[in-house]
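Take 1 as the starting number for the sequence shown in full-length UniProt numbering and just add one per residue. Structure first, then comments.
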Amino acid sequence: MIPAVPQHTPSTLLHPPGTIQASELNNHSLEPCFSKARNSFDYLEGLLTADSHVKLVVAMVGLPARGKSYIVKKLKRYLSWLGIHVKIFNVGNKRRVLTSTETPVTNGVQSNQNKDSSSKILHSSSFFDNSNEAAASLRENVAMEVLDDAILWLKGDGQVAIHDATNSTILRRKKIINRIMKEQNVSLLFIESICDNPSLIDSNIQMKLFSPDYTGVDPETALNDFRLRLKSYEDCYEPLGDYEESRKIQYCKLINVGSKIILSNINGFLESQCTFYLTNMNLYPRVIYITRHGQSTDNIAKRIGGNASLSELGVEYSKALANFISNHQPAFYSHVSESKLKSSPISSSLNLSSQVTNGDIQDKPLELLNNNFEIWTSMLTRTVETAHFFRSSNVKIKKYSALNELYSGLCEGMKYSEIKELFPTDFATRTKDKLQTRYPGTNGESYLDVVHRLQHIIIELERINKSVLLISHNAVSRTLLSYFMDISIEKMPFLNVPLGTVFACIPRPFGNDVFAYKWDPETQCFNEIDKSILFEGI
């Protein structure tokens, strides 16, 4: 039996999160739970929507195999999730299109036509040799053409254009600066990725072998060629520094994926959003678990919002959830250790479901979760009760009102049929636009309000080096999963996140691996299912 959790009345969202030990749940009083993310969306809307002339070019800087693509894709995912119009303009892709084997290149620069083992390489290391003036000229022209494409896009409804290239010389960056200065209301931010960690560099080089430049090429041949290409870049590399500072150009240097950060002249809103996010990245192996609370009495009654307790089935789920996590987490970290010993990518062959869902598996003690694991719940009773069966451990349980369910204002505790009858206009408007439409009444929220009150939750999840179980609600789970899975905010309000389902998100170099597990009440086991369940009905 789960002890009753005190009920509370609406109050502000902006208060410190409570941190408790699982063993203290019985006696811990909750802070007020209902809330609204006051003015968060209005604030961003005023800066980015009404003031639509705000534009930014983010130009990447750095040697190949230094993590630029990792940074670019994460930044694009985060800004898109915030509702900012962002697009990546990749110079390498344009270069491959313009100089493919199907399209002979002028100016004396040809793709490889030899019949030796390197003939399949689209652009061999000689194309990047500093003494190859024709190729160097072509590469410069392509880079500036891509920048022109980015600026043209910004003149429409674009807000942030990412120029994804090495931009590794002062000469190239001078051209970029001069081109941007010709445009009104377009700012420039250089982001440089520096890496001197040999293991990280080697790992990045291995991933480069899967580049379109090396499609169908023997791995050893590709590796040797890429190292020659890298040497050409290293010979002429000029890091960001005095030249940019003397001209008060904004820049951010990330050293070894954020272990050291240097910021210079950052003064714009969009620039601050970018750098704030990037300064909180880390590469620690971890799992972000996302689940809704166990079934509540309001779920049975089909009422939205409220602060109901768990049903009997919900209590069973909370027990099974504690058992599942206590097995899944040790299995994950065991896999991480094995991958390090074998020097293989983490989760490259991850199949934890067979290790954690079989009925005959021995429960691992919850104490194994202590050092590398936290639980985050909302302030609402049903999520706190779902975390109850972790009480035998010393796992930290943090409660955040930012994780509260989307607040439905005057419609709290109602059925959808009642809302349609009492607020027909609001119901019809929200049916047409769930993303932006707020529920009627003081503090009623929209999905965009939820996005912006979860912004600091996302930043903390990027910063933390532990695994985290987030026990939250339908709208919040949809919003979190749309970030981790890079799902458009237009689809976000319609994602299918059933009760009794756990989504395990594992950060990877170019995105996140996401696994879905469904609880079976009859067997009390979690079985892996296809994550495409999220898109059922869309």
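From the three backbone atoms N, C-alpha and C, an ideal C-beta is built for every residue, glycine too.
Which residue or residues does DSSP assign as beta-bridge partners of Arg508?
-> The sequence position of residue 508 within the sequence shown is 508, counting from 1. DSSP, once it has assigned bridges, lists Gly511 as partnering Arg508.
How many whole angstroms separate the CB atoms of Ala402 and His456, which I take to be in contact at a CB cut-off of 8 Å? Position 402 of the sequence shown, counted from the first residue, corresponds to residue 402. Position 456 of the sequence shown, counted from the first residue, corresponds to residue 456. Indeed they touch by this definition, with Cβ atoms about 7 Å apart.
**OP:** Would you mind giving the Cβ-Cβ distance between Leu188 and Ile177, rounded to the nearest angstrom? I have them listed as a contact below 8 Å.
**Re:** Residue numbering aside, residue 188 sits at position 188 when the sequence shown is read from its first letter. Residue numbering aside, residue 177 sits at position 177 when the sequence shown is read from its first letter. Correct: roughly 7 Å between the Cβ atoms.
**Message:** Using only the alpha-carbon positions, how far apart do Ile489 and Glu133 sit?
**Reply:** Mapped onto the sequence shown, residue 489 falls at position 489. Mapped onto the sequence shown, residue 133 falls at position 133. Going from the Cα of Ile489 to the Cα of Glu133 covers about 45 Å.
Spatial distance of Pro345 from Leu200 (CA atoms): Position 345 of the sequence shown holds residue 345. Position 200 of the sequence shown holds residue 200. Because Pro345 sits at a pLDDT of 48, beneath the cut-off of 50, its placement in the model cannot be relied upon, and the following sentence gives the value as read from the coordinates. Spanning the two alpha carbons is a distance of roughly 12 Å.
When Tyr483, Thr275, Gly537, Tyr517 are compared against Gly83, the one with the closest alpha-carbon:
If you number the sequence shown from 1, residue 83 lands on position 83. It is Tyr483.
ask   = Any chance the region 374-390 sits against the region 295-315, with 3 or more Cβ pairs inside 8 Å?
value = yes
Q | Contiguous alpha helix (DSSP H) assignments of at least 4 residues, all confined to the region 276-352 | A | 297-301, 312-342
Could you give the distance in angstroms between the alpha-carbon of His28 and the alpha-carbon of Arg391? For the purposes of this step, residue 28 is taken as the residue at position 28 of the sequence shown. For the purposes of this step, residue 391 is taken as the residue at position 391 of the sequence shown. At His28 the pLDDT is 36, less than 50, meaning the model places this residue with poor confidence; the figure from the coordinates comes in the next sentence. Approximately 12 Å between the Cα atoms of the pair.
* **Coarse secondary structure for Asn90, derived from DSSP in three states** => Within the sequence shown, residue 90 is the residue found at index 90, counting from 1. Strand at Asn90.
- Taking the C-alpha atoms as reference points, what is the distance between Arg430 and Tyr439? Position 430 of the sequence shown, counting from 1, holds the residue named residue 430. Position 439 of the sequence shown, counting from 1, holds the residue named residue 439. So the two alpha carbons sit approximately 8 Å from each other.
*Round the Cβ separation of Phe128 and Arg227 to the nearest angstrom and send it over; I've been treating them as touching at under 8 Å.*
Here residue 128 is taken as the residue at index 128 of the sequence shown, counted from 1. Here residue 227 is taken as the residue at index 227 of the sequence shown, counted from 1. The Cβ separation is near 12 Å, so there is no contact.
Going by DSSP in three states, Ala475 sits in which element: helix, strand or coil? Taking the first residue of the sequence shown as 1, we reach residue 475 at position 475. Helix.
Measuring alpha carbon to alpha carbon, tell me which of Lys87, Pro212, Tyr251 ends up nearest Gly62. Working through the sequence shown from its first residue, we reach residue 62 at position 62. It is Tyr251 whose Cα lies nearest to the Cα of Gly62.
* What is the DSSP secondary structure of Gln524, counted as helix, strand or coil? -> Indexing the sequence shown from 1 puts residue 524 at position 524. The answer is coil: DSSP assigns Gln524 none of H, G, I, E or B.
Under a three-way DSSP split, which group does Tyr517 fall into?
Your numbering for residue 517 matches position 517 in the sequence shown. Tyr517 falls in the strand class under three-state DSSP.
query: Based on the DSSP secondary-structure assignment, which residues constitute the bridge partners of Tyr251?
result: Residue 251 sits at position 251 when you count from the first residue of the sequence shown. Looking at the DSSP assignment, Tyr251 forms a beta bridge with Phe190, Ser264.
Requested in this report: Alpha carbon to alpha carbon, how far is Gln273 from residue 567? Give it in angstroms, no decimals.
Outcome: Here the chain comprises residues numbered 1 to 538, so residue 567 is not present and cannot be evaluated.
Note to self: Distance check for Ile538 and Asn496, CA to CA, integer angstroms please.
What the structure shows: As a first step, residue 496 is located in the sequence shown; it is residue number 496 there, counting from the start. As a first step, residue 538 is located in the sequence shown; it is residue number 538 there, counting from the start. So the alpha carbons of these two residues sit roughly 8 Å apart.
Using CA atoms only, rank isn't needed, just tell me which of Lys73, Pro219, Asp520, Asp426 is closest to Phe324.
Mapped onto the sequence shown, residue 324 falls at position 324. Looking at the Cα atoms, Asp520 is the closest of the given residues.
**Lys140 versus Asp235 - alpha carbon distance** = Numbered from 1 along the sequence shown, position 140 holds the residue referred to as residue 140. Numbered from 1 along the sequence shown, position 235 holds the residue referred to as residue 235. Note on identity: in this sequence residue 140 is Glu, with Lys being the wrong assignment. If you take the alpha carbons of Glu140 and Asp235, they lie about 17 Å apart.
Could you spell out the range, first to last residue, of the beta strand (DSSP E) harbouring Ala161?
Numbered from its first residue, the sequence shown carries residue 161 at position 161. It spans 160-164 - the beta strand (DSSP E) in which Ala161 sits, taken as one unbroken run.
_I need the straight-line Cα distance from Lys434 to Ile458, nearest angstrom please._
Taking the first residue of the sequence shown as position 1, residue 434 is located at position 434. Taking the first residue of the sequence shown as position 1, residue 458 is located at position 458. Going by the C-alpha atoms only, they are around 22 Å apart.
> How should Glu245 be labelled, buried or exposed, when 16 other C-beta atoms within 10 angstroms of its C-beta is the threshold for buried?
Replying inline: Position 245 of the sequence shown, counting from 1, holds the residue named residue 245. Its Cβ having fewer than 16 others within 10 Å, Glu245 is exposed.
Examine the Cβ distances between the region 413-426 and the region 294-305 and report whether three or more of them are shorter than 8 Å. yes
TODO: Just confirm the distance between the C-beta atoms of Pro212 and Arg96, as a whole number of angstroms; I'd bet it's less than 8 Å.
DONE: The count along the sequence shown starts at 1 and reaches residue 212 at position 212. The count along the sequence shown starts at 1 and reaches residue 96 at position 96. With a Cβ gap of about 6 Å, Pro212 and Arg96 count as contacting.
| task | Between the Cα of Thr479 and those of Leu454, Leu461, Gly500, spot the shortest distance and give me the residue it belongs to. | result | Looking up residue 479 in the sequence shown gives position 479. The shortest Cα separation from Thr479 among Leu454, Leu461, Gly500 belongs to Leu454.
TODO: Return the CA-CA distance between Asn197 and Arg286, expressed in angstroms with no decimal places.
DONE: As a position in the sequence shown, residue 197 is number 197, starting the count at 1. As a position in the sequence shown, residue 286 is number 286, starting the count at 1. If you take the alpha carbons of Asn197 and Arg286, they lie about 21 Å apart.
Assuming Leu79 is part of the alpha helix (DSSP H), what are its boundary residues?
Position 79 of the sequence shown, counted from the start, is the residue given in the question as residue 79. Per DSSP, Leu79 belongs to the alpha helix (DSSP H) from 68-81.
### Query
What residues are listed by DSSP as bridge partners for Thr501?
For the purposes of this step, residue 501 is taken as residue 501 along the sequence shown, with counting starting at 1. DSSP output for Thr501 lists Lys518 as bridge partner(s).
- request: Would you mind giving the Cβ-Cβ distance between Ile205 and Val58, rounded to the nearest angstrom? I have them listed as a contact below 8 Å.
  value: Looking up residue 205 in the sequence shown gives position 205. Looking up residue 58 in the sequence shown gives position 58. Incorrect: roughly 24 Å between the Cβ atoms, too far for contact.
request  = Would you tell me roughly how many angstroms separate the C-alpha atoms of Asn512 and Glu522, rounded to the nearest one?
outcome  = As a first step, residue 512 must be located in the sequence shown, where it is residue number 512. As a first step, residue 522 must be located in the sequence shown, where it is residue number 522. Near 31 Å, if we compare the C-alpha coordinates of Glu522 and Asn512.
Own chain partners of Ala222 with C-beta closer than 6 Å, once the 5 adjacent residues on each side are dropped = Residue mapping note: residue 222 aligns to position 222 of the sequence shown, counting from 1. Only Leu209, Tyr214 meet the Cβ criterion.
ask   = Under 7 Å, do Val186 and Lys55 count as touching if we go by C-beta distance?
value = As a working mapping, residue 186 is identified with position 186 in the sequence shown. As a working mapping, residue 55 is identified with position 55 in the sequence shown. The answer is yes: Cβ separation under 7 Å.
Next item on the list: Measure the Cβ-Cβ separation of Ser168 and Tyr237 and say whether it is below 7 Å.
Entry: Taking the sequence shown and counting its residues from 1, one reaches residue 168 at position 168. Taking the sequence shown and counting its residues from 1, one reaches residue 237 at position 237. In this structure, Tyr237 lies closer than 7 Å to Ser168 by Cβ.
Whole angstroms are fine: how far does the CA of Ile375 sit from the CA of Gln159?
Your numbering for residue 159 matches position 159 in the sequence shown. Your numbering for residue 375 matches position 375 in the sequence shown. Roughly 36 Å between the two C-alpha positions.
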